[in-house]
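Residue numbers (my numbering): 6 to 410. First up is the structure itself, then whatever we jot down about it.
Below, the structure is given as structure tokens:
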């Protein structure tokens with residue numbers, strides 16, 4: 006049996022992990038200060054988290070065209086566009102803070118969404134040059150780079166938030182520097198380029214045909230539910246922890262534990278997928294998300310918040326990485342731009358809705374923070390049922406066919 010050479014793929018994975026750690030640090034930085042900065046600029050306190058929602062909305066609206074650019078001209082160009090978007094968003098954000106303009110701040114958030122969209126394609130790029138056996142491991146390792154970003158980002162935000170007279174401006178200048186430095190490492194990627202000539206004459210399925218393909222639509226649905234429910238609960242958690250009588254430090258510790266458990270499993274998720282199959286790992290992720298909801302419903306003790314958010318992190322990791330592994334094997338190579346663009350547009354579309362709904366459920370669905378927290382956890386139920394049933398249907402009912410069938 007001929008040994009498969011994955012040296013090129015492993016080099017790309019190493020570069021993508023480094024890029025994920027550096028460039029990816031800007032998102033936790035913005036998620037930490039964005040709401041606080043929004044609170045200081047917005048005319049209505051209820052709009053304080055709107056900048057965060059605009060980032061996710063920017064990612065949703067960017068994914069389809071950015072994926073097409075990558076399909077035709079290579080991933081690297083798309084990643085440079087993402088870094089440029091991150092720079093532009095931070096520059097506009099810093100200027101908006103200096104002139105106290107909430108609309109400009111929202112515009113900067115949308116540009117940051119361009120970077121968020123590009124970062125979402127790092128996991129697909131890891132699979133482009135990998136063998137079938139190494140693909141799930143490559144995806145998982147790149148996602149693990151988010152663990153470093155989750156450590157670096159908050160530390161940089163703390164160091165820079167008060168560096169200038171205008172609060173948070175220093176954080177946005179640091180984000181500009183991250184984009185400039187991190188982009189340098191993109192040079193070392195060795196990914197397929199100039200795909201236009203090789204794909205222009207190949208048959209392309211319409212979006213409707215793609216979305217009628219079970220092997221494509223079920224992974225998309227599972228990724229949507231995994232990511233959106235994680236975002237729904239995580240966004241509400243600080244409000245719930247503080248509202249239930251605990252301190253802000255407790256809320257920060259709960260979120261930090263959650264972020265750790267989002268990315269730490271990535272060191273072995275790919276191995277689990279290779280051994281047991283992506284479908285079983287996705288199913289496990291959905292079960293863990295359900296367990297997180299049940300833990301949140303059980304009590305409002307601080308330990309419940311910790312356990313629920315830890316389970317939420319692992320459930321997201323298994324569900325999202327597993328769904329990605331399913332998707333990369335469900336379409337033909339020349340369709341990747343269209344299929345992956347649809348995937349991220351739908352995923353971040355539902356995440357946008359989740360981030361908007363989260364605050365409403367917490368603040369407007371009951372007379373107390375406890376009732377709001379219960380509403381958030383109950384809201385997970387129908388989505389988990391739909392995703393779980395679709396996965397079972399795919400595994401039990403659909404015949405095994407060729408890729409793209």
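Heads up, the beta-carbon is just placed ideally off N, CA and C, and yes, glycines get one too.
Taking the alpha carbon of residue i as the point to measure from, which residue in the options has its own alpha carbon closest?
i           : options               : result
residue 125 : 369, 164 and 326      : 326
residue 314 : 337, 324 and 293      : 293
residue 39  : 110, 104 and 26       : 110
residue 280 : 239, 248, 385 and 330 : 330
residue 384 : 360, 69 and 42        : 360
residue 10  : 84, 138 and 57        : 138
residue 153 : 32, 67 and 43         : 32
residue 355 : 235, 218 and 382      : 235
residue 5   : 220, 177 and 115      : Nothing about residue 5 can be reported from this structure: the residues present for the chain run from 6 to 410 only.
residue 260 : 271, 250, 145 and 246 : 246
residue 304 : 372, 249, 233 and 81  : 249
residue 210 : 270, 340 and 104      : 340
residue 45  : 270, 82 and 104       : 104
residue 151 : 391, 26 and 12        : 26
residue 299 : 217, 336 and 386      : 386
residue 16  : 132, 278 and 232      : 132
residue 107 : 41, 295, 323 and 81   : 41
residue 358 : 77, 232 and 178       : 232
For residue i and residue j, which I take to be in contact (beta-carbon distance under 8 angstroms), what is that distance rounded to the nearest angstrom?
i           : j           : result
residue 118 : residue 62  : 6 angstroms
residue 290 : residue 378 : Between residue 378 and residue 290 the Cβ distance is about 22 angstroms, and since that is not below 8 angstroms, they are no contact.
residue 262 : residue 193 : About 34 angstroms; that fails the 8 angstroms criterion.
residue 297 : residue 320 : 6 angstroms
residue 180 : residue 34  : 6 angstroms
residue 166 : residue 172 : 7 angstroms
residue 389 : residue 230 : 7 angstroms
residue 264 : residue 155 : 4 angstroms
residue 252 : residue 69  : So it is not a contact: roughly 43 angstroms between Cβ atoms.
residue 457 : residue 185 : Outside the displayed range of the chain (6 to 410) lies residue 457, so it cannot be described from this structure.
residue 71  : residue 79  : That belief does not hold up - the Cβ atoms of residue 71 and residue 79 are roughly 12 angstroms apart, past 8 angstroms.
Mind checking whether the beta-carbon of residue i lies closer than 7 angstroms to any heavy atom of the ligand ATP?
i           : result
residue 214 : This structure does not include the ligand ATP; it has no bound ligands of any sort.
Quick one, are the C-beta atoms of residue i and residue j less than 8 angstroms apart?
i           : j           : result
residue 348 : residue 366 : no
residue 187 : residue 28  : yes
residue 90  : residue 101 : no
residue 47  : residue 87  : no
residue 143 : residue 308 : no
residue 94  : residue 120 : yes
residue 396 : residue 222 : no
residue 411 : residue 254 : Beyond the ends of the chain as shown, which are 6 and 410, falls residue 411; an answer cannot be given.
residue 237 : residue 362 : yes
residue 148 : residue 268 : yes
residue 130 : residue 196 : yes
residue 73  : residue 342 : yes
residue 227 : residue 328 : yes
residue 24  : residue 169 : no
residue 344 : residue 215 : yes
residue 371 : residue 240 : no
residue 183 : residue 373 : no
residue 145 : residue 275 : yes
residue 65  : residue 350 : yes
residue 266 : residue 324 : no
Subject >> Residue ranges of each beta strand (DSSP E) within the stretch 263-317, 3 or longer >> reply: As far as the stretch 263-317 is concerned, it has no whole beta strand (DSSP E) run of at least 3 residues.
Original post:
Enumerated in chain order, which unbroken segments of the beta strand (DSSP E) with a length of 3 residues or greater are wholly contained in the stretch 214-254?
Top reply: For the stretch 214-254, not a single whole beta strand (DSSP E) run of length 3 or above is found.
Original post:
Can you give, in chain order, each stretch of the alpha helix (DSSP H) that sits fully within the stretch 335-410 and has at least 4 residues?
Top reply: DSSP runs (the alpha helix (DSSP H)) wholly in the stretch 335-410: 341-369, 374-383 and 385-402.
**OP:** Quick one: which unbroken alpha helix (DSSP H) runs of 4-plus residues sit fully inside the stretch 128-195? Chain order, please.
**Re:** Qualifying alpha helix (DSSP H) stretches, in chain order: 140-165 and 174-189.
Subject >> Entirely enclosed alpha helix (DSSP H) segments - the stretch 53-102, minimum 4 residues >> reply: If we require 4 residues or more, the alpha helix (DSSP H) runs fully inside the stretch 53-102 come out as 55-78.
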